[in-house]
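J.: Pasting a structure below so you can have a look.
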Amino acid sequence: MALAVRLSKPNCQEKCGNFAIPYPFGIGLECSANSSFTVSCRNITNQETPFLSSLNLEVLQISTDYSTITLNQPVSPLNCSLEQKGVSLGKSLSGTPFIFSRLYSVLAVLGCNNVVKMLSNGTTTAGGCVAICGYGSNSTDSGCNGVNCCKANIPLGLQEPQVIYRIIDANNNNSSCGYAFLVDQNRLQNDYRKYTGLRDVNPFDRSFVNAPVVLEWRFPTHSSTGLYYEYRGPGPHYSGWDDEPDYDSLLRQCHCREGFEGNPYLDEGCQDIDECSNPNLNFCQGGCTNTELEQATDHFNVNRILGRGGQGTVYKGMLSDGKIVAVKKSQKIDEDDLEVFINEVVILSQINHRNVVKLLGCCLETEVPLLVYEFIPNGTLFQHIHEANEEFPLSWEARLRIATEVASAISYLHSAAAVPIYHRDIKSTNIFLDDKYRAKVSDFGTSRSVSIDQTHLTTKVIGTFGYLDPEYFQSSQFTEKCDVYSFGVVMGELLTGQKAISLIKSQEQGRSLATNFLQSMEENGLFDIVDAGVLKEGRKEEIVAIAQLAKRCLHLNGKRRPKMKEVAVELEGIQMSKKESALQYNVGDTEHHSIVEMSEVFDFSSISGSICFDNVTTSLLSGES
């Protein structure tokens, strides 16, 4: 039986009112890790309310699972002058273990005809967005989509947020000074006015005062307080820690390992989960029966086969409630095959990303293991690249978007999942397209969750030739950069329309797409191998940018390849740049004048793809005002 989960230090007050205070935070200095984590409990309107003493801000939420704390940060309206430089946004975190969370917080701008550039370290441009007056001051649009509200990502490791601010057209009566602030991005999704703190926000209202913002914390490995060493826990089954190498390789955050729960920052704070006491933790218990799925697939009729793979055959099925699903059935019954299926269940149960296929259920105790997935109707990326489809030819715009979506999914697996996950078989046949032709990464049977202290040596090389990292093939050591290499091959397919391995070409010509692609790049022959449709539709600079990125992903030295997070950011930047170009080309005279004025004020090319024109384009092109 699992022990009761303890969140605070022994003999310390665990709650402030109804709010739990988990260690490393604590009420009073003696109950917290250090002064940065000290919480004071104050009586506000007859209610006990926690405040983070070091920043003097109200605490709204603390998560030791994600090492985040949400604070209620004051927001001040921007000055109504035409331009402001170096405007500070909220509290400085300099000298604290906290950073503004790039994963959970965004820069938001509420206003009309406002342009804001985000600064990193006070000088470097790190992002920005434009809030326009497409619907006038009485807008009923409540999504932060560019009309009276826009948002942009913030840089890694941000502690002192500053912006440059400008009103585009001061003579426009609809223009407002508005606000620029950092905010929990969940408050801006869908209808930002439904959330407490943003409910009555009007960009023309000067009484807006607070917004929730998410911070992350990290501890130095060489901390003089011994925090990192203390948090390692009594053994390998209790606590782990994550690096954030893009921020600082000497910083760590802790988590309980898979199968354990509790507070990883306490000695013996991670306790074994009692799965039997909670059916929700037993992922597949009572999920389905073999009989039910036999009926759903018409007794696994060959006419229902969607595809075959190394781990099994996938069938199209319809459940009793009419829901269409995909059912994977093991081809052989042995211990190794069952392990692959169980591994896929474990991996997919940790993942929640819009560009990763969803596992709906499973039957592992039947004679033949079965997995049930959401049905993805439009086949694989391989089919759309290599098998002609007149109904939906894969345009350059679609190729760029799909590449961005896949990169986002892999980056999530490597960086944002609770425990890093290496896919180990990225290829175009494992990328599906849904009803809106959005990418869905699938087939996690050979994937692995990894911890920072594990080596990744394998007894046998797993993957698909043509996509297999040569370095991994030689060393049998799989790293995140092996997935980067495989994705580089997929980018090569999207650019050239060629298969990863060509059986038509002779050995002298070279059958490997990766080899031929790199050779063409070295010989300045890129446009000799690019797909004709891509050449016709894509801008030269876009094609070259994608090709250069693919080349970096295919570098034979894994250490010199970019991380997937970098790849995803670069692709998003290229895609944003494309949308910006389309906007500038298509807008009418009035709007065009404003955009030209914007580009003169700010060099948007330096904003690295963070300008949020996604929904602004639609508003301007439709002629709405």
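If you use the numbering used here, the sequence shown corresponds to residues 1062 to 1686, in order.
All residues carry an ideal CB built from backbone N, CA and C; glycine is no exception.
Every value quoted in this text rests on a predicted model; they were computed, and no experiment measured them.
1. Name the residue from Pro1071, Asn1107, Arg1103 and Leu1529 whose alpha carbon lies nearest to the alpha carbon of Cys1092.
2. Could you tell me the boundaries of the alpha helix (DSSP H) in which Lys1152 lies?
3. Thinking C-alpha only, which one of Val1363, Met1637, Asn1079 and Gly1239 is nearest Cys1194?
4. Should Pro1454 be labelled buried (16 or more other beta-carbon atoms within 10 Å of its own) or exposed?
5. For Lys1212 and Glu1353, what's the separation of their Cα atoms in angstroms?
6. In the DSSP assignment, find the beta strand (DSSP E) that holds Ile1607 and state where it starts and stops.
7. Below 8 Å, can you find three or more Cβ-Cβ pairs linking the segment 1107-1126 to the segment 1069-1089?
8. DSSP beta-bridge partners for Val1120?
9. Using three-state DSSP, classify His1447 as helix, strand or coil.
10. Hey, how far is the Cα of Val1406 from the Cα of Leu1617?
11. Using CA coordinates, which residue listed in Lys1076, Phe1493, Ile1130 and Asn1095 is at the minimum distance from Glu1109?
12. Roughly how many whole angstroms lie between the Cα atoms of Asn1206 and Thr1525?
13. Pick helix, strand or coil for Phe1539, following the three-state DSSP scheme.
14. Please state whether the Cβ-Cβ distance between Gly1553 and Ala1611 is less than 8 Å.
15. At a cut of 8 Å, does the segment 1586-1593 reach the segment 1488-1502 through at least three beta carbon pairs?
16. Quick check: Ala1468 and Ala1629, are their CB atoms within less than 8 Å of each other?
17. Would you tell me roughly how many angstroms separate the C-alpha atoms of Gln1246 and Ala1192, rounded to the nearest one?
18. Roughly how many angstroms separate the alpha carbons of Asn1324 and Gln1332, rounded to a whole number?
19. For Lys1389 and Leu1327, which I take to be in contact (beta-carbon distance under 8 Å), what is that distance rounded to the nearest angstrom?
20. On the DSSP bridge list, what partners appear for Val1417?
21. Taking 7 Å as the limit between beta carbons, can you name the residues of its chain near Arg1369, skipping five residues before and five after?
22. Using CA coordinates, which residue listed in Gly1218, Tyr1376, Leu1556 and Ser1456 is at the minimum distance from Thr1157?
23. Strictly by DSSP, which residues pair up with Arg1103?
24. Nearest CA to the CA of Gly1383: which residue from Glu1435, Asn1362 and Asn1404?
25. Here's the rule: buried if 16 or more other CB atoms are within 10 angstroms of the residue's CB, otherwise exposed. What is Val1244?
26. With a 10 Å radius around its C-beta and 16 neighbouring C-beta atoms as the bar for buried, classify Gly1586 as buried or exposed.
27. What is the C-beta distance between Leu1276 and Ile1130, in whole angstroms, given that I count them as a contact (C-beta under 8 Å)?
28. Could you check if Phe1112 is buried or exposed, using at least 16 other CB atoms within 10 Å of its CB as the buried criterion?
29. Using the DSSP secondary-structure output, state which residues sit across from Arg1369 in a beta bridge.
30. Compare the beta carbon distance of Ser1115 and Ser1101 with 8 Å and say whether it is the shorter of the two.
31. What are the boundary residues of the alpha helix (DSSP H) that Glu1277 is part of?
32. Which same chain residues, not among the five before or five after Ile1562, have their C-beta less than 8 Å away from its C-beta?
33. Could you check if Glu1722 is buried or exposed, using at least 16 other CB atoms within 10 Å of its CB as the buried criterion?
34. When you compare only the Cα positions, how much space is there between Ile1366 and Cys1210?
35. Evaluate Thr1441 with the Cβ neighbour count: other Cβ atoms within 10 Å of its Cβ, from every protein chain shown; 16 or more gives buried, anything less gives exposed.
36. Using a 10 Å radius around the Cβ and a threshold of 16 neighbouring Cβ atoms, would you call Arg1279 buried or exposed?
T.: Here's the rundown:
1. Pro1071
2. That residue, Lys1152, is in no alpha helix (DSSP H); it is neither H nor E in DSSP.
3. Gly1239
4. Taking all protein chains in view, the Cβ of Pro1454 is surrounded by fewer than 16 other Cβ atoms within 10 Å, so the residue is classified as exposed.
5. 46 Å
6. Unbroken run through Ile1607 is the alpha helix (DSSP H), Lys1601 to Cys1614; no beta strand (DSSP E).
7. yes
8. Beta-bridge pairing links Val1120 to Leu1132.
9. helix
10. About 33 Å.
11. Lys1076
12. So the alpha carbons of these two residues sit roughly 41 Å apart.
13. coil
14. yes
15. no
16. yes
17. 16 Å
18. The alpha-carbon atoms of Asn1324 and Gln1332 are separated by roughly 9 Å.
19. Rounded, the Cβ-Cβ distance is 41 Å, inconsistent with contact.
20. In the DSSP assignment, Val1417 forms a beta bridge with Val1502.
21. none
22. Gly1218
23. Beta-bridge pairing links Arg1103 to Thr1110.
24. Glu1435
25. buried
26. Taking all protein chains shown into account, Gly1586 has fewer than 16 neighbouring C-beta atoms within 10 Å of its C-beta and is therefore exposed.
27. Indeed they touch by this definition, with Cβ atoms about 5 Å apart.
28. buried
29. Thr1374
30. no
31. It is not in any alpha helix (DSSP H) - Glu1277 instead sits in the beta strand (DSSP E) that spans Asn1271 to Trp1278.
32. Phe1526, Gly1527, Arg1572, Ser1573 and Leu1574
33. Past the boundaries of the shown model lies residue 1722; the chain is included only from 1062 to 1686, so the question cannot be answered.
34. Spanning the alpha carbons of Ile1366 and Cys1210 requires a straight line of approximately 47 Å.
35. buried
36. buried
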